[in-house]
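Q:
In this note's numbering, the protein residues as written are 17 to 597.
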């Protein structure tokens, strides 16, 4: 009998014990009994998937702040440089009366530090809110007994210091221009740029465009650096908008399309032990079962040179329809008669390519060691795994064909009855609803992704509005003398408004395609940085996300244009036309 027997052993180690040494000793002790091998906490399913989830969040938490800080540093440089240019007369006067360069430079850096410090404090508060939301999410989903969110002091200090460093780096370029400025030259108005119409605008183009548009294009072309920086600032904000929306797109494709297309079964049955494939008849006779397929999943250790990874090989019957092998693009991959197909992340970790062989150490039964050729590599959602023919797997194992997992496609009206009948079978260890499992996965990862995507979208939207408005406002401040002169010469408010807002329109028009492309590059970079071994998300951007980013940018431009136009209507012509000479 089985009195006094056990089929699972759980060990708690002493504080300074070596996990590897204990695992080796347990394996040696239980190997004669056919034990599948001992493993540590890191391979326990609950710990493994929670760790992968946290690893994914950690990757995003490392990538997104770096991206935002890089954009913020660039924008600070652009805005501060234009502020310094507008205040060159004041700076020159201060230098002429004895103020040192470093004193003036520190004044502008202090402005940057105050802005960044306020932003960092707001960011810490927002981080605390997000942290509590995610903590509540994991408490509810994983049923953790106790988990309190807290921001360690060193993390908070590191975040503030990093933000300050990014801000200072962004402002250094503008500050350097102060150090190069001589008082005598800076007290004069800037020398107008040399303009040769024939060189910068073709004659045929000059005949086609209106005088107002020619003025706009001339201003943009004779200030190429300023134009480029303005366009890039708007493009970066558009890219962030695309990134925020695309995270939800990628998760939606994974949950709504990819997982249902590769898990077509209604009920997934795990057996207590491998049984002959002929035992599928026990499931096929159940009323309501339309199709039943058996798989063999084998825990193995893949080895190639000095590289090794523990994963699973799944053997597929021929034909099979309920668990097709598909890549990230949705293309079905054929299971070859010989060899194993590895997921691309596993092949990368092992350093192997198709045509080479891998050493496969089985961790079940008699634990034979196999040498299997790599027949192909597939990029799929579910991390690290091997796939091969069920018949070929058992030929290499030198044993009859067996299965330890059954996939059932059932009549929806009979699903509850089938579930109850399956649970009664003595060979069944567990039977789960595949659709419910996908919903749980969506709840687990989808909600955390939604929170993350929402924060990125809010920040990106704020940056977009700020960039567009500041560009328009600084352009008005730098050109208000020219615009006032045009009013004196007889131009209407609408005409001078078209000149100013025409620049903004062209900048936004140039920035939109660049920003949409940058959004794609940002998403690819983030996905490659956070790609875990448990599952990978496809890098997908829906057309609606591109449209949303473009619409938000256009709306921000219209709002900024309206505000600037209101300021233009109240322009003080006499005060503006007074010179500094």
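Note that the Cβ used here is the ideal one computed from N, Cα and C, for glycine as well.
Quick caveat: nothing in here was measured; it's all calculated off a predicted structure.
1. So, helix, strand or coil for residue 421, using DSSP?
2. For residue 496 and residue 69, what's the separation of their Cα atoms in angstroms?
3. Taking residue 405 and residue 342 to be in contact with their CB atoms under 8 Å, please state how far apart those CB atoms are, rounded to whole angstroms.
4. Does the segment 553 to 562 come within contact of the segment 254 to 264, defined as at least 3 CB pairs closer than 8 Å?
5. Going by DSSP in three states, residue 197 sits in which element: helix, strand or coil?
6. If you run the structure through DSSP and keep just helix, strand and coil, what is residue 58?
7. Starting from the C-beta of residue 98, find all residues in its chain whose C-beta is less than 8 Å away, skip the five residues before and the five after it, and write them out in chain order.
8. Straight-line CA distance for residue 159 to residue 459?
9. From this set, 291, 270, 401, which residue's C-alpha is nearest residue 325's C-alpha?
10. Tell me whether residue 166 counts as near the ligand NAP, meaning its Cβ is closer than 7 Å to at least one heavy atom of that ligand.
11. Measure the Cβ-Cβ separation of residue 420 and residue 337 and say whether it is below 8 Å.
12. Would DSSP call residue 314 helix, strand or coil?
13. Should residue 488 go down as buried or exposed, given a rule of 16 or more other Cβ atoms within 10 Å for buried?
14. By how many angstroms is the C-alpha of residue 189 removed from the C-alpha of residue 239?
15. Between residue 475 and residue 249, which are expected to be in contact by the criterion C-beta below 8 Å, what is the C-beta distance as a whole number of angstroms?
16. Residue 448 bridges to which residues according to DSSP?
17. Specify, as a first and last residue, the run of the beta strand (DSSP E) that residue 345 falls within.
18. For residue 151 and residue 145, I'd like the C-alpha separation in whole angstroms.
19. Throw me the rounded Cβ distance for the residue 112 and residue 199 pair, which I believe falls under 8 Å.
20. For residue 285, which residues from the same chain have a beta carbon less than 7 Å from its beta carbon, with the 5 sequence-adjacent residues on both sides left out?
21. In terms of residue numbering, what span does the beta strand (DSSP E) encompassing residue 404 cover?
22. I want to know whether the segment 381 to 392 touches the segment 346 to 357 - three or more CB-CB distances under 8 Å.
23. With a threshold of 8 Å, are at least 3 pairs of Cβ atoms found where one atom belongs to the segment 427 to 441 and the other to the segment 289 to 302?
24. Can you give me the C-alpha to C-alpha distance between residue 267 and residue 274, rounded to a whole angstrom?
25. With a CB to CB cut of under 8 Å and the five nearest residues on each side skipped, what residues in its chain are close to residue 185?
26. Pop quiz: residue 269 and residue 556 are said to be a contact at Cβ under 8 Å. What is the actual Cβ separation, rounded to whole angstroms?
27. Who are residue 332's beta bridge partners in DSSP?
A: Taking the definition as stated:
1. For the purposes of this step, residue 421 is taken as the residue at position 405 of the chain shown. It is a strand residue.
2. On the chain shown, residue 496 is found 480 positions in, with the first residue counted as 1. On the chain shown, residue 69 is found 53 positions in, with the first residue counted as 1. About 54 Å.
3. Looking up residue 405 in the chain shown gives position 389. Looking up residue 342 in the chain shown gives position 326. The Cβ separation is near 17 Å, so there is no contact.
4. yes
5. Taking the chain shown and counting its residues from 1, the one referred to as residue 197 is at position 181. Residue 197 falls in the coil class under three-state DSSP.
6. Looking up residue 58 in the chain shown gives position 42. Of the three classes helix, strand and coil, the one that applies to residue 58 here is helix, per DSSP.
7. Within the chain shown, the letter at position 82 stands for residue 98. For residue 98, where only same-chain residues beyond five positions count, the Cβ hits under 8 Å are 242, 490, 494.
8. Start at 1 with the first residue of the chain shown, and residue 159 comes out as number 143. Start at 1 with the first residue of the chain shown, and residue 459 comes out as number 443. Their backbone Cα atoms lie some 14 Å apart in a straight line.
9. Counted from its first residue, the chain shown places residue 325 at position 309. Selected option, being the one with the closest Cα: 401.
10. Inclusion of the ligand NAP in the displayed structure is not the case, the ligand content being empty and no account of it being possible.
11. Reading the chain shown from its first residue, position 404 is the one you call residue 420. Reading the chain shown from its first residue, position 321 is the one you call residue 337. Their beta carbons are not under 8 Å apart, which means residue 420 does not touch residue 337 by this criterion.
12. Here residue 314 refers to the residue found at position 298 when the chain shown is read from its first residue. If DSSP states are grouped into helix, strand and coil, residue 314 belongs with the strands.
13. Position 472 of the chain shown, counted from the start, is the residue given in the question as residue 488. When all chains shown are included, residue 488 counts as buried.
14. As a working mapping, residue 239 is identified with position 223 in the chain shown. As a working mapping, residue 189 is identified with position 173 in the chain shown. Their Cα atoms are separated by approximately 18 Å.
15. Residue mapping note: residue 475 aligns to position 459 of the chain shown, counting from 1. Residue mapping note: residue 249 aligns to position 233 of the chain shown, counting from 1. Not quite, the Cβ-Cβ distance comes to about 15 Å (not below 8 Å), so this is no contact.
16. Position 432 of the chain shown holds residue 448. According to DSSP, residue 448 bridges with 284.
17. Along the chain shown, one-based indexing puts residue 345 at 329. Unbroken run through residue 345: none, as it is neither H nor E.
18. If you number the chain shown from 1, residue 151 lands on position 135. If you number the chain shown from 1, residue 145 lands on position 129. Going from the Cα of residue 151 to the Cα of residue 145 covers about 10 Å.
19. Within the chain shown, the letter at position 96 stands for residue 112. Within the chain shown, the letter at position 183 stands for residue 199. 4 Å between Cβ atoms; contact.
20. Start at 1 with the first residue of the chain shown, and residue 285 comes out as number 269. Counting only Cβ-Cβ distances below 7 Å, and skipping sequence neighbours, we find 421, 422, 424, 438, 444, 447.
21. Indexing the chain shown from 1 puts residue 404 at position 388. Looking at the DSSP string, the run of the beta strand (DSSP E) that includes residue 404 is 402 to 405.
22. yes
23. yes
24. Position 251 of the chain shown, counted from the start, is the residue given in the question as residue 267. Position 258 of the chain shown, counted from the start, is the residue given in the question as residue 274. Approximately 10 Å, taken between the alpha carbons.
25. What you label residue 185 is simply residue 169 of the chain shown in a count that begins at 1. 89.
26. Taking the first residue of the chain shown as 1, we reach residue 269 at position 253. Taking the first residue of the chain shown as 1, we reach residue 556 at position 540. Indeed, because the Cβ distance is near 5 Å, the residues count as touching under 8 Å.
27. Here residue 332 is taken as the residue at index 316 of the chain shown, counted from 1. DSSP, once it has assigned bridges, lists 405 as partnering residue 332.
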